[in-house]
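A.B. asks:
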Amino acid sequence: MTVAAPPVAPATGRNVSSGAGGSRVGRSGPVAWMVLPALLLFVVFGIVPLIGVVVLSFTQWDGLGPIHANGFANWRSVLADPQTWHSVLVTFEIMILSWAVQTPMSLLLGTFLAGRQRYRAFLAVLYFIPLLLSSAAIAITYKALLDPNFGLGAGLHIGFLTQDWLGKSNLAIGVVIFIVSWQFIPFHSLIYQGGVRQIPTTMYEAASIDGAGRVRQFFSITVPQLKYTIITSSTLMVVGSLTFFDLIFVLTAGGPGDATRVLALDMYKRGFMSNQMGPASVIASIIVLLGLALALILRRLGGSTTASQQEGA
Amino acid sequence: MAIATTSSTSTRRARGGPVRAHKLLQLNWFGGLAGWIWLAIVVIPLYWIVVTSFKDQSDYFSQNPFALPSAPTSENYKLVIESDFPRYFINSVIVTIGTIVPAVGISFMAAYAIIRGAGSRFLAGVNGMFLMGLAIPLQATIIPVYLLIIKMHLYDSLLALILPSVAFSIPLSVLVLSNFIRDVPKELFESMRVDGATEWGMLRTLAFPLTRPALVTVSIYNGLAVWNGFLLPLILTQSPDKRTLPLALWTFQGQYSVNVPAVLASVVLTTLPIVILYAVSRRQLLSGLTAGFSR
Chain X
1 MTVAAPPVAP ATGRNVSSGA GGSRVGRSGP VAWMVLPALL LFVVFGIVPL IGVVVLSFTQ
61 WDGLGPIHAN GFANWRSVLA DPQTWHSVLV TFEIMILSWA VQTPMSLLLG TFLAGRQRYR
121 AFLAVLYFIP LLLSSAAIAI TYKALLDPNF GLGAGLHIGF LTQDWLGKSN LAIGVVIFIV
181 SWQFIPFHSL IYQGGVRQIP TTMYEAASID GAGRVRQFFS ITVPQLKYTI ITSSTLMVVG
241 SLTFFDLIFV LTAGGPGDAT RVLALDMYKR GFMSNQMGPA SVIASIIVLL GLALALILRR
301 LGGSTTASQQ EGA
Chain D
314 MAIATTSSTS TRRARGGPVR AHKLLQLNWF GGLAGWIWLA IVVIPLYWIV VTSFKDQSDY
374 FSQNPFALPS APTSENYKLV IESDFPRYFI NSVIVTIGTI VPAVGISFMA AYAIIRGAGS
434 RFLAGVNGMF LMGLAIPLQA TIIPVYLLII KMHLYDSLLA LILPSVAFSI PLSVLVLSNF
494 IRDVPKELFE SMRVDGATEW GMLRTLAFPL TRPALVTVSI YNGLAVWNGF LLPLILTQSP
554 DKRTLPLALW TFQGQYSVNV PAVLASVVLT TLPIVILYAV SRRQLLSGLT AGFSR
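Chains X and D, in that order, give the protein sequences.
Quick note: the first sequence uses my numbering, first residue 1, plus one each step.
Quick note: the second sequence uses my numbering, first residue 314, plus one each step.
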């Protein structure tokens, strides 16, 4: 390829980029303007609010009236409030337990779905239906399904199912984890299915010639080969769990008591029900920081350079 | 299986590897067991929703929950439709279309600029910012968004839902689309440029047709997220006539919590459009669901 980069840019007139970097930058000039609409909207409704959330955490605002600066008062009161730490705890509890339920199940189902049999393709069609439903619809359904008086348990006269599922703290958390798994395991199975299909068949052939059984192959080939897929999927699960709002809001509204009051719900309740936007912004800042920290930690786990190559590809 | 022909390129890409059966995976009995159990876990609640939505209340309280209705009734659906659901449906359609068309359009332009202008520090910086947006739970910025919407005098309007939704969908859309535009051979751009085509002309006549499957994928992903969105309508609207379907579901459930069959009929009705879409173009939808993740 001996196509010399012509130093003369096509004369479109508009030249947004002003960096001094020789002919390459000059050539990028006529296209750079195309990024502007997206940039503008993302700055206004993404970056400004991101900075705004930190700014508002140092102010006092009831959601309607004027906004007053009040220094570190919100941070001091929120960090001293046991409610905050309870919400952090509940958030992590749901995050870790739902990860621990979803990951092995998704791995197993993803491996299963990677087979090319017709019936597996058919099963996959049905598995993915929960992904189409809104969290609100799912929460409403399970609320009715688990009702101790008129739900499934009462109708079928099964004692085990007739418990007050959403009325007892531990049970309610268990229900949230079950529903999250019901909703998202298909999604992560789909990711693993794609990952498994990329593993070279020759690896399995070599292993079976060496006498490795199916279970051995799963743990010695499938799981290690899926390392980066596991990291991607876990990142989505963990960062995503910080924003479980709709489901818990409709299902339990944080109850019973505060048993399922995760950080996102705590933010909503402080801000939009108690009209304390300052403290609510402190909680929001904590959510943003946690999300960034968790994403970075998980990226490190994968060995930074190779992981970013794999994920960015 | 042969429905979505346009999707073949994207599906092949999403899998990346050789499309060949793993013979060794075929006898995976443990996986098979898990597969059938999971099928039951998924299907039983779905079956219950549909069956119950056709029962009247006395049937619901007295019958076996899995039995077919003794006298199937459409009263529940009638009640839902009479409770203004057609309006909420139209609102959801407006917000969804109103979001994905501009979102995908401007993301496509941005992705095109980022790939074609590779080497520009400005564009690399913008791209880095979009990528950062992927790691941040943007819903946590709802309070300043609420403040912005009030200041713009957009509170309680459908536009208030559209603008933040467009912004939130940009990071992933740009990532996925730029991965596809990168695959368009450089020589094609070069020869068009020699023939005097402008960048805008190349975007329209070269990049657009070649990345169409990716555009559909990204539209579906964003469309589903907006259609099912709950937090933005909850916080940025107030009047009943601005409700979108998920919010309407929630308020309907609050009103008729005793009438479970009617509540479930509302669940069926709000999900029906997506299920139909799923039946028509399953592959497109699935590649849309995992846009950018399964590669």
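Virtual Cβ for every residue (Gly too), placed ideally from N, Cα, C.
If the cut-off is 9 Å on Cβ atoms, which residues from the region 261–278 of chain X count as contacting chain D, listed in chain order?
C.D. replies: Listed by position, the residues of the region 261–278 of chain X near chain D (Cβ gap below 9 Å) are Leu263, Ala264, Met267, Tyr268, Gly271, Phe272 and Met277.
A.B. asks: With respect to the alpha helix (DSSP H) encompassing Ala431 of chain D, which residues constitute its N-terminal and C-terminal limits?
C.D. replies: Segment: none, Ala431 of chain D is in no alpha helix (DSSP H) and carries neither H nor E.
A.B. asks: Going by beta-carbon coordinates alone, are Ile354 of chain D and Trp165 of chain X separated by less than 8 Å?
C.D. replies: Not in contact: Ile354 of chain D and Trp165 of chain X (Cβ atoms no closer than 8 Å).
A.B. asks: For a contact meaning CB atoms closer than 8 Å, what does Tyr127 of chain X contact in chain D?
C.D. replies: Those are Trp351, Leu352 and Val355, listed as they occur along chain D.
A.B. asks: Pop quiz: Met422 of chain D and Ala38 of chain X are said to be a contact at Cβ under 8 Å. What is the actual Cβ separation, rounded to whole angstroms?
C.D. replies: Between Ala38 of chain X and Met422 of chain D the Cβ distance is about 7 Å, and since that is below 8 Å, they are a contact.
A.B. asks: Going by beta-carbon coordinates alone, are Ala510 of chain D and Met34 of chain X separated by less than 8 Å?
C.D. replies: Result no, Cβ atoms of Ala510 of chain D and Met34 of chain X do not sit closer than 8 Å.
A.B. asks: Can Ser570 of chain D and Val393 of chain D be called in contact, C-beta distance under 8 Å?
C.D. replies: No, the Cβ-Cβ distance between Ser570 of chain D and Val393 of chain D is not below 8 Å.
A.B. asks: Answer with yes or no whether the minimum CB distance from Ser134 of chain X to chain D is below 8 Å.
C.D. replies: Judged by the 8 Å Cβ criterion, Ser134 of chain X is in contact with chain D.
A.B. asks: Measuring only the C-alpha atoms, how far is Ile494 of chain D from Arg216 of chain X?
C.D. replies: Roughly 41 Å separates the two Cα atoms.
A.B. asks: Would a check of beta-carbon distances place Met95 of chain X closer than 8 Å to chain D?
C.D. replies: No - not a single Cβ of chain D is within 8 Å of the one on Met95 of chain X.
A.B. asks: Taking CB distances under 8 Å as the criterion, tell me whether Tyr425 of chain D reaches chain X.
C.D. replies: True, the Cβ-Cβ gap to chain X drops below 8 Å.
A.B. asks: In whole angstroms, what separates the C-alpha of Ile533 of chain D from that of Thr583 of chain D?
C.D. replies: Cα to Cα, Ile533 of chain D sits roughly 17 Å from Thr583 of chain D.
A.B. asks: Against chain D, with Cβ distances strictly below 8 Å, would Met34 of chain X count as a contact?
C.D. replies: For Met34 of chain X, the answer is yes, since a Cβ of chain D falls inside 8 Å of its Cβ.
A.B. asks: Mind reading off the beta-carbon distance from Leu474 of chain D to Val408 of chain D? Whole number of angstroms is fine, and I expect it under 8 Å.
C.D. replies: Going by Cβ atoms, the distance from Leu474 of chain D to Val408 of chain D rounds to 5 Å, so yes, they are a contact pair.
A.B. asks: Sort out for me which residues DSSP pairs His68 of chain X with in a bridge.
C.D. replies: Bridge partners of His68 of chain X: X:Gln60.
A.B. asks: Can the beta-carbon of Ser234 of chain X be found less than 8 Å from the beta-carbon of Gly110 of chain X?
C.D. replies: Their beta carbons are not under 8 Å apart, which means Ser234 of chain X does not touch Gly110 of chain X by this criterion.
A.B. asks: Within the continuous alpha helix (DSSP H) that includes Asp266 of chain X, where are the two ends?
C.D. replies: Leu263 to Tyr268 is the span of the alpha helix (DSSP H), which, as asked, contains Asp266 of chain X.
A.B. asks: Considering only the alpha carbon of each residue, which of X:Pro224, X:Arg299, X:Ala139 and X:Asp81 lies closest to Ile199 of chain X?
C.D. replies: Ranking X:Pro224, X:Arg299, X:Ala139 and X:Asp81 by Cα distance to Ile199 of chain X puts X:Pro224 first.
A.B. asks: Following the continuous alpha helix (DSSP H) through Thr564 of chain D, name the residue where it begins and the one where it ends.
C.D. replies: From DSSP, the alpha helix (DSSP H) with Thr564 of chain D extends over Leu558 to Gln568.
A.B. asks: Do Ile483 of chain D and Gly291 of chain X come within 8 Å of each other at the CB atom, strictly closer than that value?
C.D. replies: No, the Cβ-Cβ distance between Gly291 of chain X and Ile483 of chain D is not below 8 Å.
A.B. asks: Ordered along the chain, which non-local residues of its own chain (more than five positions away) have a Cβ less than 6 Å from that of Gly411 of chain D?
C.D. replies: Ile475.
A.B. asks: Is it true that the CB of Val364 of chain D sits closer than 8 Å to the CB of Phe379 of chain D?
C.D. replies: It is a contact, given that the beta carbons lie within the stated cut-off.
A.B. asks: Should the region 450–461 of chain D be regarded as contacting the region 42–58 of chain X, the criterion being three or more beta carbon pairs within less than 8 Å?
C.D. replies: Yes, they touch.
A.B. asks: State the Cα-Cα distance for the pair Glu93 of chain X and Val175 of chain X, rounded to the nearest angstrom.
C.D. replies: Near 13 Å, if we compare the C-alpha coordinates of Val175 of chain X and Glu93 of chain X.
A.B. asks: Any beta carbon from chain X within less than 8 Å of Pro378 of chain D's own beta carbon?
C.D. replies: By this cut-off, Pro378 of chain D is an interface position.
A.B. asks: Which residue from X:Met95, X:Tyr228 and X:Met203 puts its Cα closest to that of Val238 of chain X?
C.D. replies: Cα-wise, what sits closest to Val238 of chain X is X:Met95.
A.B. asks: For the candidate residues X:Leu113, X:Thr91 and X:Val90, whose alpha-carbon lies nearest to that of Ile185 of chain X?
C.D. replies: Of the candidates X:Leu113, X:Thr91 and X:Val90, the one whose C-alpha sits nearest the C-alpha of Ile185 of chain X is X:Leu113.
A.B. asks: Using three-state DSSP, classify Val497 of chain D as helix, strand or coil.
C.D. replies: DSSP places Val497 of chain D in coil when its eight states are reduced to three.
A.B. asks: Is there a Cβ of chain D sitting closer than 8 Å to that of Leu50 of chain X, yes or no?
C.D. replies: Closer than 8 Å to some Cβ of chain D, the Cβ of Leu50 of chain X qualifies, so yes.
A.B. asks: Would a check of beta-carbon distances place Asn404 of chain D closer than 8 Å to chain X?
C.D. replies: No, because no Cβ of chain X sits closer than 8 Å to the Cβ of Asn404 of chain D.
A.B. asks: Report yes if the CB atom of Asp246 of chain X is closer than 8 Å to the CB atom of Ser87 of chain X, and no otherwise.
C.D. replies: No, the Cβ-Cβ distance between Asp246 of chain X and Ser87 of chain X is not below 8 Å.
A.B. asks: Kindly list, in the order they appear in chain D, the residues whose Cβ is closer than 8 Å to that of Gly213 of chain X.
C.D. replies: The contacting residues do not exist; Gly213 of chain X stays about 11 Å from chain D at best.
A.B. asks: If you pair each beta-carbon of the region 517–536 of chain D with each one of the region 437–454 of chain D, do three or more pairs fall below 8 Å?
C.D. replies: Result no; under three Cβ-Cβ pairs closer than 8 Å.
A.B. asks: Taking the continuous alpha helix (DSSP H) assigned at Ala581 of chain D, which residues delimit it?
C.D. replies: The question names Ala, but residue 581 of chain D is Val in the sequence shown. That run of the alpha helix (DSSP H) goes Val573 to Val593.
A.B. asks: Please tell me whether Ile230 of chain X has its Cβ less than 8 Å away from any Cβ of chain D.
C.D. replies: Cβ-Cβ to chain D under 8 Å: no for Ile230 of chain X.
A.B. asks: Which residues in the same chain as Leu547 of chain D place their Cβ atom closer than 7 Å to its Cβ, once the five residues preceding and following it in sequence are excluded?
C.D. replies: Hits under 7 Å: Leu560.
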